[in-house]
Amino acid sequence: MMRPNSIVEIWVYLSASPLLALFITLVAYQIGLWAYQKTKHNPLVNPVAIAVILVATCIELFDMPYEKYFQGAQFIHFLLGSATVALAIPIYRGIGSLKHRVIPILAALLTGGAISIVSSVGISALLGADQNIVGAFYSKSVTAPIAMGIAERIGTSPTLTAIFAVCTGILGAILAPYILNFFKIKPLWQRGFSIGVAAHGIGASRAFSVSAQAGTYASLAMGLHGILGSILIPFIYKWFN
Amino acid sequence: MLSGLIQILFFQSLGELISKLLLPSLPGPVIGLVFLLGWLMLKKEINPSLALVSDALSRYLGLLFVPAAVGVVLFLPQLKENAVPILCALLGSVVLTITGTALVLNMLHQAKDSHDET
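From first to last, the protein sequence lines stand for chains A and B.
Throughout the first sequence, residue numbering follows the numbering used here, covering -14 to 226 in sequence.
Throughout the second sequence, residue numbering follows the numbering used here, covering 4 to 121 in sequence.
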């Protein structure tokens, strides 16, 4: 006789505890990963993008405000910091192969980083995007966990930055092979490194699916770009604002 | 596994501490990353436990920014309004960044030497 009531009570309990938010997030990502594997790692079927769409739809259906969802999911969010620290390991693994290529690599990194900021901020500002959107473009070519850290420091939106970073990664992973073929860039390490600078983690996983060497250089590029970006982007942001 | 996690959290805390006290412009985890990298270069090896935790974290890196990225629901109307500049900026910057990086790498490398192509 009390059934409708107790269902409401269970529902209230579930949505107040982190359980529901954690569960939705993990299931959504698992579905995303599954689709990604089913389509043989097609960059268009990005697991993060799928998970975000699924979770957003779910919380809309459950009428759960984003703040409440985030309160529960913040345990996952917290690990971003730890994952950033752990990027030291792929950098360390790649750094051995860097030795005699230090100068071209540093020059390419600085050029690529500068181009990504100037072009995205420039194009969006010229076409009249809102201030906070232009701001979120500053750190979007850096790997998302670091990009969000930088965004917090310079006072732009970490959420928009994360979204733009993921979109950049997807676009980069799709377009890179065509662009690199067009310019006849053949050495795998150069291809990998360019993808890593422009399209961070998503590009790196694409590079790994082509060759281990390209992947190692892509991770190295992603890590170094992250370190350099967090040092330089705050200055560049101050300069332009 | 546990000792790897402890090492990561140790360097993360160290990074946060230094960020709070000395270098507020740098995110704590990035400082932690640099210190861990320095530590690995000193020791010249990665212990298996640390490798295990790090590989697990990078394998599911995408999952970790889902909670923040879902915040996109708060920006949907604004994103729709700005769709054209956003798409142009994303597309333009991706193409230019890959091109610029690859060309610089290619030119400087060829200028230096070309016998170590691998």
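We treat Cβ as the ideally placed atom computed from N, Cα and C, and that holds for glycine.
Take every Cβ of the segment 100 to 111 of chain B, pair it with every Cβ of the segment 92 to 107 of chain A, and state whether three or more of those distances are shorter than 8 Å.
yes
Check whether the segment 133 to 142 of chain A touches the segment 115 to 125 of chain A, counting contact only when three or more Cβ pairs, one atom from each stretch, lie closer than 8 Å.
yes
Are A/G211 and A/T128 touching if we call contact CB-CB under 8 Å?
Reading the first sequence from its first residue, position 226 is the one you call residue 211 of chain A. Reading the first sequence from its first residue, position 143 is the one you call residue 128 of chain A. Yes.
Under 8 Å by Cβ, that's how I've got B/A92 and A/I131 pegged, so tell me the actual separation to the nearest angstrom.
Walking along the second sequence from the start, residue 92 of chain B turns up at place 89. Walking along the first sequence from the start, residue 131 of chain A turns up at place 146. Their Cβ separation, rounded to whole angstroms, is 20 Å, which puts B/A92 and A/I131 out of contact at 8 Å.
Just mark A/T10 as buried or exposed, buried being the case when its beta carbon has 16 or more other beta carbons within 10 Å.
Working through the first sequence from its first residue, we reach residue 10 of chain A at position 25. Buried: at least 16 other Cβ atoms inside 10 Å.
Any beta carbon from chain A within less than 8 Å of B/N50's own beta carbon?
Here residue 50 of chain B corresponds to residue number 47 of the second sequence, with the count starting at 1. Not one chain A Cβ lies under 8 Å of B/N50.
Own chain partners of B/G18 with C-beta closer than 6 Å, once the 5 adjacent residues on each side are dropped
Along the second sequence, read from residue 1 onward, the residue named residue 18 of chain B stands at position 15. Excluding positions up to five away in sequence, the list reads G31, P32, I34 and G35.
Residue ranges of each beta strand (DSSP E) within the segment 21 to 87 of chain B, 3 or longer
none
Just to confirm the assignment, what range does the alpha helix (DSSP H) spanning A/K23 have?
Looking up residue 23 of chain A in the first sequence gives position 38. Element bounds for A/K23: P3 to K23.
Unbroken alpha helix (DSSP H) run spanning A/N226, endpoints:
On the first sequence, position 241 is the one that residue 226 of chain A refers to. Premise fails: A/N226 is in no alpha helix (DSSP H) and is neither H nor E.
Looking at the structure shown, is A/T69 part of a helix, part of a strand, or coil, going by DSSP?
Taking the first sequence and counting its residues from 1, the one referred to as residue 69 of chain A is at position 84. Of the three classes helix, strand and coil, the one that applies to A/T69 here is helix, per DSSP.
Is B/P88 buried or exposed, if buried means 16 or more other CB atoms sit within 10 Å of its CB?
As a position in the second sequence, residue 88 of chain B is number 85, starting the count at 1. Buried: at least 16 other Cβ atoms inside 10 Å.
Since I believe A/G140 is in contact with A/L184 (beta carbons under 8 Å), could you give me their beta-carbon distance rounded to a whole number of angstroms?
Along the first sequence, read from residue 1 onward, the residue named residue 184 of chain A stands at position 199. Along the first sequence, read from residue 1 onward, the residue named residue 140 of chain A stands at position 155. Checking the sequence shown, residue 184 of chain A turns out to be Ala, not Leu. Going by Cβ atoms, the distance from A/A184 to A/G140 rounds to 26 Å, so no, they are not a contact pair.
A/F178 to B/V69 span [Cα, whole Å]
For the purposes of this step, residue 178 of chain A is taken as the residue at position 193 of the first sequence. For the purposes of this step, residue 69 of chain B is taken as the residue at position 66 of the second sequence. Cα-Cα distance, rounded: 26 Å.
For A/I108, return the contacting residues in chain B, with the cut-off set at a CB-CB distance below 8 Å.
Here residue 108 of chain A refers to the residue found at position 123 of the first sequence. Simply P88, C91, A92, G95 and S96.
Reducing DSSP to helix, strand and coil, say where A/S196 ends up.
What you label residue 196 of chain A is simply residue 211 of the first sequence in a count that begins at 1. Looking at A/S196 - three-state DSSP - the assignment turns out to be coil, as it is neither helix nor strand.
Distance between A/L160 and A/S215 (C-alpha atoms, nearest Å)
What you label residue 215 of chain A is simply residue 230 of the first sequence in a count that begins at 1. What you label residue 160 of chain A is simply residue 175 of the first sequence in a count that begins at 1. Spanning the two alpha carbons is a distance of roughly 26 Å.
Is A/A114 helix, strand or coil by DSSP?
The count along the first sequence starts at 1 and reaches residue 114 of chain A at position 129. Three-state result, A/A114: coil.
Is any beta-carbon of chain A found at less than 8 Å from that of B/M44?
Start at 1 with the first residue of the second sequence, and residue 44 of chain B comes out as number 41. Taking Cβ atoms only, chain A reaches closer than 8 Å to B/M44, which makes this a yes.
Continuous alpha helix (DSSP H) stretch holding A/L145: start and end:
By 1-based counting over the first sequence, the position of residue 145 of chain A is 160. Residues P143 to F167.
Is the number of C-beta pairs between the segment 34 to 41 of chain A and the segment 63 to 81 of chain B that are closer than 8 Å three or more?
yes
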